Each structure stands twice: as C-alpha cells, then as structure tokens.
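Read through the structure below, which is laid out as structure tokens, and then see the notes.
Written out as structure tokens, the structure reads:
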C-alpha cells in the first residue's frame, strides 16, 4: 500500500525566526488522523533564520535525530556537548530520563534547513545518548547510505529503537531499488528535487507511506535528495 502525502496538505507554522512544515501533529498543528507512523512520532522540516534558534529546553523519553540540509546548526546540551554541524551531517539525542539542550543558527546571513525527527523509544528511562556523525556527499551519491540504526545495526549512528534511516543524493535518471522485509514499513521524504517511487511522483517536501510492499523502486526525475525511515509495521 502506498499513500502519498502532499506537502501542501501538511501543517505549517511561521514564527518569524522559524518556518516549519509538520508531517505529523505537532505544536499548534493538531490532526487526530495523523499522529504518528509506527514509532515515527515527529518529522518537522524546519528553516531557522540567521542569528536565531531554539533556546535551552528539556526533552525526555524520546530519540531525536537532526539531519542537516542547508546551513549550520550549533548544538549545546546539559551533558557538556557543544558542536556545529553542516549539510548531510547528523546529530542524535536519546533523552532518557531528561536532558536540556539548545539548537541555533549562528550564521550572520544564511538560513539553516534541517529535518527534525523524533522516534519513540522501546521503553522509558533508557540511558541518555548524544552523538553526531559527519558524512560526506560521496558516501550518499547514487547509493543508499545507512545513517541511523538500532544498537543491533551497523550504522555509525545507533539509537535504542529498531529503525533504519537511509539517505541518498541520486543523479537525474538514475535508479535505486530497496528490498523491504516482511513485517517492515517505510516513511519516505523527498528533501530536494523529485523522484518516482513505485510509480508515484514526489516533489520537494512531499512524503510517501509504504506498507506491505516487497520492494521500493526509486527513479530520480531530477537530481534527487531523499531520506527514508524503515521500521516494523505498527
């Protein structure tokens, strides 16, 4: 089963310093028919304008992954971590029983665009984790790059939940195929450009729910940058 989610039908917010598109219910956007997809609870496509950001705030019992698309993000948290990440790089945080952090775009003139993704943990009170990984464009060019996995997986970034995140930058007219194991499902996000997935065209900002399919066939219509999350069926 394939379900396309057009970006025009998603929730949006503009706070002046922050522009967001919400794939699922979040903040002031409430849609009781669209709370989550499996263990995927939040996926926000955020644009943070220069010299602004999220001041120090708490999280608990949530696994949070930030995938940087444009610009630079500067992170600081109550565990003593502080760093700046750029395009294609990943920051992750498993909040456990509680952690405080801030995220800012410190650049004088350039916007920061990122995907902010929240994954429900397998249980409450798990150990707190923080980390990052600086991937290169060559690692994801015309191939699937597994950027996040569970502790049993092989990705450089590992969290507690049974999920896999993949990204790719696929050149125009190139193809990639992904086999989907029985009992698994996928949430696919078209970050930049456009693709055709199993006959359905997605443009920048669109998404696709993929359930009970054996394979995902991807063709880049234009240069295509995408991310998808593979997980157990709900």
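In the numbering used here, the protein residues as written are 278 to 511. Note that the Cβ used here is the ideal one computed from N, Cα and C, for glycine as well. Keep in mind the model is a prediction, meaning the values are calculated, not measured.
Residue 311 is positioned such that its CB atom lies closer than 8 Å to that of residue 302.
The beta carbon of residue 397 is closer than 6 Å to those of 316 and 318 in its chain, skipping five residues each way along the sequence.
Contact check for residue 362 against residue 426 fails: the beta carbons are separated by 8 Å or more. Judged by pairs of C-beta atoms under 8 Å, the stretch 442-454 touches the stretch 486-504, as three or more such pairs exist. By the CB criterion at 8 Å, residue 444 and residue 424 fall inside the cutoff. Residue 343 is a Cβ neighbour of residue 393, given a cutoff of 8 Å.
Beta bridge pairing from DSSP links residue 472 with 479 and 497.
The beta-bridge partner set that DSSP reports for residue 463 consists of 487 and 507. At least 8 Å separates the beta-carbon of residue 384 from that of residue 347.
In terms of CA proximity to residue 400, 340 leads the group 340, 448, 435 and 364. By the Cβ test, the stretch 480-491 is in contact with the stretch 283-297, since at least three Cβ pairs between them sit closer than 8 Å. DSSP places residue 298 inside the beta strand (DSSP E), whose first and last residues are 295-299.
Contact between residue 325 and residue 382 holds: their C-beta atoms lie close to 4 Å from each other, under 8 Å.
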